[in-house]
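**Student:** Counting in UniProt numbering, the sequence shown runs from 1 upward without gaps. Glycine included, each C-beta is placed from N, C-alpha and C at the ideal position. All values derive from a computational prediction rather than experimental measurement.
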Amino acid sequence: MFGMLVGVYLPTGWPSEVRPPDTPDWEESAAAWLLDAVPPDYRAYGVLRRHPLALARMARHHVQAEIEAARTGYRGAAVDLKGHLPPHAVEAVLDAYRREGARLVRLARSVELVEHALRGEPFVAKM
């Protein structure tokens, strides 16, 4: 969405919805994106809207918990659903867990990058 600005390096995984650090309104775009990554109830806490770094920290923990929940669900799904769903449906559920797990891992990486930027940590391109 915002692309590469001259002289600004954004690492792989930087969310396209978030403006690059040190550009106008970048923290506001980060907060809006982070609020979309957590349950809607987080919007009720003014402190999280006023302090994007606090929101990023909570989002990081929330997404990590989602990853663990997906892993736990995946490990038990075949046994729990066997006999209750046809085999093709069980495989579809497992596939949903795999896809969601991959999405959550990507999201966790993006949240981590935004959190680092909110802490003022610069990104340096690695050669």
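Please state the DSSP three-state secondary structure of L10.
**Tutor:** Along the sequence shown, read from residue 1 onward, the residue named residue 10 stands at position 10. Coil, per DSSP.
**Student:** Which word fits S29, buried or exposed, when buried means at least 16 other C-beta atoms lie within 10 angstroms of its C-beta?
**Tutor:** The sequence position of residue 29 within the sequence shown is 29, counting from 1. Per the 10 Å Cβ criterion, buried.
**Student:** Taking the CB atoms as reference points, tell me whether L107 and L53 lie closer together than 8 Å.
**Tutor:** Within the sequence shown, the letter at position 107 stands for residue 107. Within the sequence shown, the letter at position 53 stands for residue 53. Cβ atoms of L107 and L53: not closer than 8 Å.
**Student:** Give me the Cβ distance between Y45 and A125, rounded to the nearest whole Å; I'm assuming they're in contact under 8 Å.
**Tutor:** For this step, residue 45 is matched to residue 45 along the sequence shown. For this step, residue 125 is matched to residue 125 along the sequence shown. With a Cβ gap of about 36 Å, Y45 and A125 do not count as contacting.
**Student:** Is it buried or exposed, R19, if we count other Cβ atoms within 10 angstroms and call 16 or more buried?
**Tutor:** Working through the sequence shown from its first residue, we reach residue 19 at position 19. Looking at its Cβ environment, which holds 16 or more other Cβ atoms inside 10 Å, R19 is buried.
**Student:** With a threshold of 7 Å on Cβ separation, who are the neighbours of A37 within its own chain once the five nearest residues in sequence on each side are excluded?
**Tutor:** Taking the sequence shown and counting its residues from 1, one reaches residue 37 at position 37. Cβ within range, chain order: A59, V63, L107 and V111.
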